[in-house]
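Presented below is the structure to which this report refers.
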Amino acid sequence: MSIMELLQQRRAVRNVQPVEVEDEKIHALLAAATLAPNDRLREPWHFYVIRGEAKQRYEAEALQYLEERFPTKPNLVKESLKVLTATPLVIAVTADVIPDDPASSKDNEYAAACAIHSMWLAATEMGLGFVWRTRGIGLVHDDRMHRFIGSPENKKVIGTIFIGYPADTPPATSRTPHSDKTTWL
């Protein structure tokens, strides 16, 4: 499959089968991530693989977060948690924060985002469903995630990835043509 075909097929897949992702595929995803571009080859990312008993603890943290955030919306909490409980594999991704160097720290965030995208393309090629969460049950902006993964203070959570085998084929999405979003100078 060409890179253009992979880019065209890449979708956010939230509906997955309750089937474990094989270790060799997890290693392949992580290897793809480390090939991402990064400023000065700092390799500023770290990956926290969450499954099994750790995933059960993560589900409890996410449930508590959702119940606090939406105390009067139990159906929203239930529906939001479904994605997490149905997904067999979760990976949290952090980027290094460089004290007293906000520009390099921002570059590190971009590199970690590129690493996530590299994983997404590899997942698509392997037939895995993938969704990158930056809010809600991803706990990206909540201190609970830092405590949960035991992340040092010099790390910023960039995203939480939910991975599994798709339960169905996600529909194609339409995109605005590049010509509508491009200015030639």
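1 is the number of the first residue of the sequence shown in UniProt numbering; add one for each residue after it.
Note that beta-carbon positions come from the ideal geometry of N, C-alpha and C, so glycine has one too.
Predicted model, so just to flag it, every value in this text is computed and none were measured.
Straight-line Cα distance separating residue j from residue i
i: residue 45; j: residue 172; result: 31 angstroms
i: residue 73; j: residue 42; result: 43 angstroms
i: residue 3; j: residue 161; result: 21 angstroms
i: residue 75; j: residue 131; result: 21 angstroms
i: residue 181; j: residue 133; result: 25 angstroms
i: residue 59; j: residue 103; result: 34 angstroms
i: residue 38; j: residue 156; result: 16 angstroms
i: residue 5; j: residue 170; result: 15 angstroms
Under 8 angstroms between C-beta atoms of residue i and residue j
i: residue 19; j: residue 88; result: yes
i: residue 128; j: residue 55; result: no
i: residue 116; j: residue 21; result: no
i: residue 30; j: residue 62; result: no
i: residue 90; j: residue 51; result: yes
i: residue 124; j: residue 9; result: yes
Rounded distance between the beta-carbons of residue j and residue i, thought under 8 angstroms
i: residue 174; j: residue 136; result: At roughly 25 angstroms, the Cβ-Cβ gap does not stay under 8 angstroms, so residue 174 and residue 136 are not in contact.
i: residue 122; j: residue 32; result: 4 angstroms
i: residue 64; j: residue 167; result: At roughly 27 angstroms, the Cβ-Cβ gap does not stay under 8 angstroms, so residue 64 and residue 167 are not in contact.
DSSP-derived helix/strand/coil call for residue i
i: residue 45; result: strand
i: residue 29; result: helix
i: residue 73; result: coil
i: residue 127; result: coil
Chain B contact for residue i (CB, 8 angstroms cutoff)
i: residue 92; result: Judged by its chain identifiers, the structure shown contains no chain B, having just a single protein chain.
Would you call the stretch 109-118 and the stretch 88-101 in contact, with 3 or more CB pairs under 8 angstroms? Contact between the stretch 109-118 and the stretch 88-101 is present: three or more C-beta pairs spanning the two stretches fall below 8 angstroms.
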